[in-house]
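Now the structure itself:
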């Protein structure tokens with residue numbers, strides 16, 4: 049790049065807030081084997097159990113002894129779950145000299161693309177247009193690995209015909225509360241966020257520790273890469289989008305790796321093709337719930 053004009057740096061790039069990686073539970077590990085995939089045990093609470101009383105000391109207020117306690121119902125279920133890795137990359141023209149410069153450039157270039165593509169993969173389950181990212185949000189079929197570990201649960205739709213933002217969010221969080229008694233995650237596109245704000249369901253007063261929250265206190269993940277598709281992967285009708293709720297979400301990510309490709313050296317520009325990439329693994333526990341929301345016109 050030559051000419052009489054002064055060469056300067058362009059404007060700084062800033063990621064948008066409330067995205068997936070900034071909202072989930074970030075894991076760090078000195079053992080790189082997580083990049084082969086992970087397994088864990090889910091212990092999922094629900095509301096089907098009951099309280100108990102001691103028959104010998106209980107006072108009923110009726111003057112009669114209480115009946116024998118009924119058989120207890122399991123209210124915590126254990127499930128073996130698993131997750132698979134995927135990688136996000138940025139290919140760009142870089143200097144053929146100076147690894148330090150290339151490293152800084154790699155960090156800068158991957159930062160421009162990774163949030164969007166991580167969110168897109170976590171929603172759709174696609175990497176390089178192939179269904180290889182497990183678990184993900186838009187899913188209507190359970191997938192078990194060869195040793196019967198659950199890689200993918202099926203989403204449970206609670207609103208399929210479309211509802212206003214308040215009704216859709218209410219139905220989603222009601223089912224989430226029945227499935228998961230702790231703080232869950234609600235996943236929406238930026239268009240749905242605007243609808244929630246317009247309905248006065250969300251405001252910047254709901255930001256805590258850089259995370260956006262619903263009125264019930266669940267973490268609201270706003271994904272620029274979330275396409276709003278159905279559990280079957282279908283694009284929603286005009287004026288509607290799907291939103292999902294899950295249990296807690298965690299994630300691992302590697303450092304940024306750089307691969308130089310000297311065979312792609314451009315002598316005219318004195319540049320070489322560089323590939324920066326990093327590996328991610330994301331998982332969530334217990335619940336996967338879906339609702340179709342009508343966007344206001």
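Numbering (my numbering), first residue to last: 49 to 345. All C-beta atoms, glycine included, are put in the ideal place defined by N, C-alpha and C. Being a predicted model, the structure only gives us computed values, none of them experimental.
Within 7 Å: the Cβ of residue i and any heavy atom of the ligand ADP?
| i | result |
| --- | --- |
| residue 272 | For the structure depicted, the ligand ADP is absent and the ligand set is empty, with no information on it obtainable. |
Return the chain-ordered list of same chain residues with a C-beta closer than 8 Å to the C-beta of residue i, the five sequence neighbours on each side being excluded.
| i | result |
| --- | --- |
| residue 117 | 100, 101 and 103 |
| residue 247 | 212, 213, 214 and 344 |
| residue 108 | 114 |
For residue i, which residues of its own chain have a beta-carbon under 7 Å away from its beta-carbon, when the five flanking residues on both sides are left out?
| i | result |
| --- | --- |
| residue 342 | 210, 211, 212, 287 and 288 |
| residue 80 | none |
| residue 161 | 136 and 138 |
| residue 140 | 157 and 322 |
| residue 254 | 260 and 261 |
Bridge partners of residue i, per DSSP?
| i | result |
| --- | --- |
| residue 91 | 126 |
| residue 332 | 297 |
What are the boundary residues of the alpha helix (DSSP H) that includes residue i?
| i | result |
| --- | --- |
| residue 71 | 68–71 |
| residue 240 | 238–246 |
Taking the beta strand (DSSP E) that residue i belongs to, which residues open and close that run?
| i | result |
| --- | --- |
| residue 216 | Careful: residue 216 lies outside any beta strand (DSSP E), inside the alpha helix (DSSP H) at 213–227. |
| residue 199 | 198–200 |
| residue 260 | 259–261 |
| residue 267 | 267–271 |
Closer than 6 Å by C-beta to residue i: which residues in its own chain qualify, once you throw out the five before and the five after it? Chain order, please.
| i | result |
| --- | --- |
| residue 168 | 273 |
| residue 135 | 325 and 327 |
| residue 54 | none |
Please state the DSSP three-state secondary structure of residue i.
| i | result |
| --- | --- |
| residue 147 | Its pLDDT being 49, under 50, residue 147 is placed unreliably in this model, and the value from its coordinates should be taken loosely. The answer is helix: DSSP assigns residue 147 an H, G or I state. |
| residue 344 | coil |
| residue 59 | coil |
| residue 179 | strand |
| residue 235 | strand |
| residue 80 | helix |
| residue 303 | coil |
On the premise that residue j lies in contact with residue i, defined as a C-beta separation below 8 Å, what is that separation, rounded to the nearest angstrom?
| i | j | result |
| --- | --- | --- |
| residue 233 | residue 267 | 5 Å |
| residue 284 | residue 277 | 7 Å |
| residue 120 | residue 298 | Actually they do not touch by this definition, with Cβ atoms about 31 Å apart. |
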